[in-house]
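Visitor: The working numbering applies: residue 31 is where the sequence shown begins, and numbers increase by one.
A virtual CB, placed ideally from N, CA and C, is assigned to each residue, including glycine.
Keep in mind it's a predicted model, so treat the numbers as computed, not measured.
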Amino acid sequence: APAGMLPAPPADLPVVAVVDTGIDPKHKLLKPWLAGRETYVLPGDTDYLHGSFVAGLVAGSRAINGGDTHFPAAQSRILDIAALATTGNTTADEMINAITESLKKHPEVKIWNCSFGSPYPGDPDEFGQLARELDALSDKYGVLFVIAAGNFDSAPLRTWPNPPDFGGKDRISLPAESARGLTVGSVAHVDAHVTAGSPSPFSRRGPGPAKTPKPDITHRGGNQDTAGNFGGVGVRSLLPDGRIGESIGTSFATPLAATLAANAWQVMEQQGHAVRPDMVKALMIHAAALSSPGFTPDERNYHGTGVPDSVMETLFCRSDTFTLLFDAEMYDGVFWEKTPFPIPACLHPNGTHFKGEIILTLAYAPPVDGRHGAEYIRANVNAHFGSYDPNADGVIKHVGIVPLDTPDKQDLYEAAMIDHGFKWSPVKVYRARFRQGKAGCNFRLYLELLRRAGEARQPEPQRAIVLVSMRGISDDLPVYNDGIRALRAVNWTTSRIATATHIRV
């Protein structure tokens, strides 16, 4: 690859730790991008191929792919964690030891790219040991693991739409079920066996254990032709000798998400926020939802909430979108609520109807306990956004808009709640579009906390991140400016999120 393709990076770029097969220490193009190196495999035990390919995508996926805007403009430097042998197998314990030792030495690196996993699907009911250990490390060090959903080599190649039923063999592989991690599947960026934007034929699908929604998001990891070849339809990155190669896999969608996440974390930190992994995870998932159509529950098993092309720009720098981020502290037995909720005037004709689209993302890090199998996640937070007006009898009543109140909500079975209401899922995404308008003068957002039976109340609060975005039915409305005006009118204390933008409550 020409040296001009990946010039040496500015020193102020964020850093992504790449836990992989390592990068050749003499790699001409990548050497200036290395912020550090930890080696747990001997040079003879690795060919540096996979690690170099992943690192190239963290550093400069768009430039290496010829300026293709399907790849993010975001770039990050690399902390090289050489922990995966290409000869023989690296055990889960060896991986955890390498990651733990590296975290102790580099606690300032907040995004850890994990383009590795088992070749087999995880248990439909149990969270595996590797995922649970990553969750514990995420909590201890305050880092976000960005994890590949895994690849499934199927015969016949999976088609889209109407994928064949592989009897669960194509479900996500360990440790992609991690409750704290951001799990990344792959979509195609050019037409071949599947059309561009469709789930790649090899990308493993959700859900995770106990119906947890996974993958969280997708990015571009390549396509195949009908014979399974990827020449001309794969992702390009750097080989150990400095040339450009082509490949496919969720391994190569993952660093695209990791570099976006590292840049989002840095922007939040520069604005003076105490950033946590669940905050950046929520921003990534919400940015993907805003850039994607709504998916059916089945499509979501393949797409997650979609592809985030950018994060802060998508959320906070568009004139047709008004986004609020809440960092809520919740206690047992107490509603957390915000009312009256600011609604942009252009989406609230006559002050009597909400006319537009609303997308709500909730993410939190609940207590977890591996001894409980499928009930690993020990607390649930629900979010409700709706109108909050007097009914015919003058009683102020909350009528749900997202999620929509259904008349038979009271008699839903627990299993149906888990299937469709994301119950016990630490990420929940809701969206609704009202072309004709939805009645409401005042609006309210409230959260409630529920613990598993027998789970003790906690003295410290359960934190939750909620992102609420509103858009018009057409994209020419001054939603952002009207939203800022409505926010000033309710007089909440707010702080800026990104330089061009403004809102955190």
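Hey, how far is the Cα of A283 from the Cα of P73?
Guide: If you number the sequence shown from 1, residue 283 lands on position 253. If you number the sequence shown from 1, residue 73 lands on position 43. The straight-line gap from Cα to Cα measures roughly 26 Å.
Visitor: Restricting to runs no shorter than 3 residues, where is the beta strand (DSSP E) found entirely within the segment 139 to 214?
Guide: Runs of the beta strand (DSSP E) inside the segment 139 to 214: 141 to 144, 174 to 178.
Visitor: With the cut-off set at 8 Å, would you say I431 and K468 are in Cβ contact?
Guide: The count along the sequence shown starts at 1 and reaches residue 431 at position 401. The count along the sequence shown starts at 1 and reaches residue 468 at position 438. Cβ distance < 8 Å, so I431 and K468 count as in contact.
Visitor: Which residues share a DSSP beta bridge with E30?
Guide: Nothing about residue 30 can be reported from this structure: the residues present for the chain run from 31 to 535 only.
Visitor: If you follow the beta strand (DSSP E) that Y460 is part of, which residue opens it and which one closes it?
Guide: For this step, residue 460 is matched to residue 430 along the sequence shown. Counting along the chain, the beta strand (DSSP E) containing Y460 begins and ends at 457 to 469.
Visitor: Determine the contact status of G252 and S216, defining contact as a CB-CB distance below 8 Å.
Guide: Taking the sequence shown and counting its residues from 1, one reaches residue 252 at position 222. Taking the sequence shown and counting its residues from 1, one reaches residue 216 at position 186. Yes, Cβ-Cβ distance for G252 and S216 is below 8 Å.
Visitor: From what residue to what residue does the beta strand (DSSP E) around E359 run?
Guide: Taking the sequence shown and counting its residues from 1, the one referred to as residue 359 is at position 329. Start and end: 351 to 360.
Visitor: Just reading off the beta strand (DSSP E) that D110 is part of, what are its end residues?
Guide: For the purposes of this step, residue 110 is identified with residue 80 of the sequence shown, where counting begins at 1. Residues 107 to 112.
Visitor: Among the residues of its own chain, which have a CB less than 6 Å from the CB of V364, if the five just before and after it don't count?
Guide: To locate residue 364, count along the sequence shown from 1; it is residue 334. Here the set comprises nothing.
Visitor: Rounding to the nearest angstrom, what Cα-Cα distance links P379 and D419 in this structure?
Guide: Mapped onto the sequence shown, residue 379 falls at position 349. Mapped onto the sequence shown, residue 419 falls at position 389. For P379 and D419, the distance between alpha carbons rounds to 16 Å.
Visitor: For E398, I'd like the list of residues in its chain whose CB is within less than 7 Å of its CB, leaving aside the five on either flank, ordered along the chain.
Guide: For this step, residue 398 is matched to residue 368 along the sequence shown. One point to set straight first is that residue 398 is Val, not Glu, in the sequence displayed. Cβ within range, chain order: D165, A209, Y406, I407, R408.
Visitor: Kindly provide the ranges of any alpha helix (DSSP H) runs that are 4 or more residues long and lie completely inside the segment 52 to 96, ordered along the chain.
Guide: 79 to 94, all fully within the segment 52 to 96.
Visitor: With DSSP as the reference, identify every bridge partner of A422, one or two as the case may be.
Guide: Along the sequence shown, read from residue 1 onward, the residue named residue 422 stands at position 392. DSSP lists no partner for A422.
Visitor: So which of N95, P37, N192 has the shortest CA-CA distance to H219?
Guide: Along the sequence shown, read from residue 1 onward, the residue named residue 219 stands at position 189. Considering only alpha carbons, the answer is N95.
Visitor: Count the other CB atoms within 10 Å of the CB of Q254; is the residue buried (16 or more) or exposed (fewer)?
Guide: Translated into positions along the sequence shown, residue 254 becomes position 224. Label assigned to Q254: buried.
Visitor: Considering only C-alpha positions, which residue in the set A287, I426, P191 is nearest to P229?
Guide: Taking the sequence shown and counting its residues from 1, one reaches residue 229 at position 199. Ranking A287, I426, P191 by Cα distance to P229 puts P191 first.
Visitor: Check the DSSP bridge columns for G430 and list the partner residues they point to.
Guide: Numbered from its first residue, the sequence shown carries residue 430 at position 400. The partner list for G430 (beta bridge, DSSP) reads G416.
Visitor: Please list the terminal residues of the continuous alpha helix (DSSP H) segment that includes T242.
Guide: Numbered from its first residue, the sequence shown carries residue 242 at position 212. Note, T242: premise wrong, no alpha helix (DSSP H); not H, not E.
Visitor: How many angstroms separate the CA atom of A318 from the CA atom of L286?
Guide: Taking the sequence shown and counting its residues from 1, the one referred to as residue 318 is at position 288. Taking the sequence shown and counting its residues from 1, the one referred to as residue 286 is at position 256. Rounded to whole angstroms, A318 to L286 spans 13 Å at the Cα level.
Visitor: For Y443, I'd like the list of residues in its chain whose CB is within less than 8 Å of its CB, leaving aside the five on either flank, ordered along the chain.
Guide: On the sequence shown, residue 443 is found 413 positions in, with the first residue counted as 1. Note on Y443: pLDDT 44, under 50, position unreliable in the model; no value is reported.
Visitor: Who are R408's beta bridge partners in DSSP?
Guide: What you label residue 408 is simply residue 378 of the sequence shown in a count that begins at 1. Looking at the DSSP assignment, R408 forms no beta bridge with any residue, so it has no partner.
Visitor: Going by DSSP, what residues sit across from Y394 in a beta bridge?
Guide: In the sequence shown, the residue the question calls residue 394 occupies position 364. Y394 pairs with A494.
Visitor: Using a 10 Å radius around the Cβ and a threshold of 16 neighbouring Cβ atoms, would you call K140 buried or exposed?
Guide: Numbered from its first residue, the sequence shown carries residue 140 at position 110. Buried, by the Cβ-count rule.
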